[in-house]
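Chains as they are written, first to last, in my numbering: chain D, 1 to 520; chain Y, 1 to 342.
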């Protein structure tokens, strides 16, 4: 009798849950652990996905083109160093509190105080709530990229945090719960396992019925596990970190491929302080000898989709100052030999150190390609594997920095300033982004002009000049413009990652769940 | 009883010393691993000022002895600090991740003992006959492949090609169970949700078997070898000469003395599973402490490394104390020698 009762309850419970599951749509995706829920600490891809769905920002990048549009802000004005944003009326946080200029000021101050994530974007920025719906930011100097940086300032519900916090800035609170205006609210969060988010029906822009009702963002799934889950119909979008051959296998089995493009590139950075690479002709010889076409083949996933597109210069296609997409770089061994002849050093006296980051196995393949290319010129090189932590320490001194370092770098706001200033301005030598130790007055001047320009035309001119100058200096070999590729089931439509006219051009924003459509 | 109590007190005393030693060793080693933990924690875009601030907060600029002093001071008050990996208190992380691993390791241990010992006895009982050959072949097969290989094979066989078991996680998405103890086998019962309870077991089986397989082989081989050796003892020959039934000889005279060395190894294996569970947890997306431990080591998350290693060391010591007590119960000579020494 007891067994009968037990089985009955199991069947009944299963049936009730099955019918509940039928009624709602669930999107399942994965990312690398851990998921950081506190918006002031968000820095990597998983964090960005959480941030863009749980919180909102004053502006968003335009879809399918350059520039930004108001989001929580209706409009803004600027005189270069002061930006005044007029906030949208009637926006509520998930707590029910209404959003005001005080929340914007609090969010900025909280980010600056915690000093984590991308808070460096707001160093030296002051904010004042002029009235409930007007907030003014004051910068130390004119910065045309400031509006773009607003996409990294998620607005936090000050009243909610103040009422529920257990530490000064509510770190404990916001590491486990949401306090935003976003279209999705956090139902549960385990930073190593899964974050469950549910659609918030009172979102100020409304959320389409077709958008997923529940989202389960899992962390740290192994490639074999993801492959099996997708094949079994138990997973919807795989992370971009799957090996290309796994993505291809999934595609061959009917998975669609989603792409996100436009904010970064893959670089081979040459240490310009270390012989023989302190001679520009030696650097040019290496840049000419690199086999760009084979590099692109190495990252191809299918015949039509690749994890990158050919590089056209120092600035990724689509950004201010970029060359047109047809001006692709190519290997030129004759030019390389001529440049080598003009080099003041004899390469025979040197053994070029080519490093790769241990956590990114793909880079070893590029190191081998580079070694093979250089060998064609009779240049000796050796490959060195460096864990990220060790690399970040080594590049802090030019003597310890390898001759060549391989890096993926992204513009965290989508603006070229956040991509290029940190890499090439002479005030930022010896960071992980700038192992070139480049110090060039013209480069500095172009970077400063790009930051200070009051118009898009002015920025275009400054960055075009910078692009030409960087190519001439050949401090970096520009491998390819990066494209993130995600294998996905056909249960979900993601226009922002399949239709270029809907793309945001900012890492992670394509994963705005409110803009997705579930077909089952 | 007093002899057992004496053994217990001695083992606890030794364990405390071992724990202190482990804490000192790991504290030093964690600081020798290349890389600045503050830089790693704050990410590639952190400024020099941010890094310097965090280093100050973590006392990383102090002498290592002073740093250890801060650690012990916090540890005494139950504070293991904040994880730079999850940005949460380490104690909270451990409380969340440890039950998942313990649940997995306990079941794997039960499977290991439940299958390994009987298979070893069977092989010894039918020495050089087909059951013996079969068990030895199976044992060799399970021992020769690491757990993560078994994890992938089992997942492909029983979750992909034959979809009998779930692929990942501890519980199906449709269930929302309040975490009271963190042990889902218990929490589902507390919630009175039997469907979820069965679902938890359904999720547990494949990873637990994958984790247990190499231990099963080892336990079977060891038990067989010990029993074979015991069968050659004069008192077994005497029992056989008296005409006792074979199963009675195996149960009463051969098994008990053979169990002692097996128990020691099983105890070590059981505790070692805590560390070995990492790859199984990775394959089955099991949110456990072993996976957490590896991730925090890769990120040089000093506080979390210390917390995780201490917890694993503590569990290891507890299991070995229990094994020692078992052995003392089984083997009067050990109790006797302890009494003489004391």
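C-beta: ideal position from N, C-alpha, C; glycine also.
Nearest CB-CB separation between residue 190 (chain D) and chain Y: below the 8 Å threshold.
Linking residue 304 (chain Y) to residue 81 (chain Y) through their CA atoms gives a straight-line distance of about 8 Å. The shortest CA-to-CA distance from residue 170 (chain D) to any of D:110, D:476, D:513 is the one to D:110. Rounded to whole angstroms, the gap between the alpha carbons of residue 302 (chain Y) and residue 55 (chain Y) is 12 Å. Residue 483 (chain D) places its beta carbon less than 8 Å from that of residue 259 (chain D). Interface residue (Cβ-Cβ distance to chain Y less than 8 Å): residue 376 (chain D) is not classified as such. For residue 219 (chain D), the enclosing beta strand (DSSP E) starts and ends at 214-219. Under the three-state reduction of DSSP output, residue 166 (chain D) falls in the coil class, being neither helix nor strand. By the Cβ criterion, the region 346-354 of chain D is not in contact with the region 313-321 of chain D, since fewer than three pairs of Cβ atoms, one from each stretch, lie closer than 8 Å. Taking a contact to require three or more Cβ pairs closer than 8 Å, the region 327-347 of chain D and the region 482-502 of chain D do not qualify as touching. Residues are counted here when their Cβ sits less than 9 Å from a Cβ of chain Y; for the region 107-122 of chain D these are 115, 116, 117, 118, 119, 120, 121, given in chain order. For the region 28-48 of chain Y, the residues whose beta carbon sits under 9 Å from a beta carbon of chain D are, in order, 33, 34, 35, 36, 37, 39, 40, 41, 42, 43, 44, 45, 46, 47, 48. Under the three-state reduction of DSSP output, residue 429 (chain D) falls in the coil class, being neither helix nor strand. Of all alpha-carbon atoms in D:278, D:90, D:114, the one lying nearest the alpha-carbon of residue 398 (chain D) is that of D:278. Short of 6 Å from the beta carbon of residue 329 (chain D), and not among the five residues preceding or following it, lie these beta carbons of its own chain, in chain order: 292, 311. Assignment of beta-bridge partners to residue 61 (chain D) by DSSP yields D:68.
The three-state reading of DSSP puts residue 241 (chain D) in coil, since its state is none of H, G, I, E or B.
Among the CB atoms of chain Y, none fall inside 8 Å of the CB of residue 384 (chain D).
Rounded to the nearest whole angstrom, the CA to CA distance from residue 181 (chain Y) to residue 63 (chain Y) is 39 Å. Close partners of residue 283 (chain Y) in chain D (Cβ separation under 8 Å): 222, 224, 225. Looking at the DSSP output, residue 517 (chain D) sits in a beta bridge with D:493. Taking a C-beta cut-off of 9 Å against chain Y, the contacting residues of the region 174-186 of chain D are 175, 176, listed in chain order.
8 Å or more divides the Cβ of residue 486 (chain D) from the Cβ of residue 496 (chain D). Residue 28 (chain Y) places its beta carbon 8 Å or farther from that of residue 60 (chain Y). The shortest CA-to-CA distance from residue 319 (chain Y) to any of Y:102, Y:90, Y:83 is the one to Y:102. Proximity to residue 301 (chain D) across D:375, D:244, D:180 peaks at D:244, based on C-alpha coordinates.
For the pair residue 254 (chain D) and residue 72 (chain Y), the Cα-to-Cα distance works out to about 56 Å.
Interface criterion met: the Cβ of residue 85 (chain Y) is under 8 Å from a Cβ in chain D. Not a single C-beta of chain D is nearer than 8 Å to the C-beta of residue 70 (chain Y). The residues 7, 11, in chain order, have a CB closer than 7 Å to that of residue 324 (chain Y) in the same chain once the five nearest residues on each side in sequence are set aside. Annotation: residue 163 (chain Y) to residue 510 (chain D) spans about 33 Å, alpha carbon to alpha carbon.
Between the beta-carbon of residue 217 (chain Y) and that of residue 142 (chain Y) there is about 4 Å, and that keeps the pair under the 8 Å contact cut. Cβ-Cβ separation between residue 154 (chain D) and residue 107 (chain D): approximately 7 Å, consistent with a contact (criterion under 8 Å). Beyond the five residues adjoining it in sequence on each side, residue 83 (chain Y) comes within less than 7 Å, by CB distance, of 90, 93, 296, 301, 303, 304 in the same chain, given in chain order. Under the three-pair Cβ rule at 8 Å, the region 451-464 of chain D counts as touching the region 138-147 of chain D. For secondary structure counted as the beta strand (DSSP E) over 3 or more consecutive residues, the region 355-415 of chain D holds these complete runs in sequence order: 380-386, 404-410.
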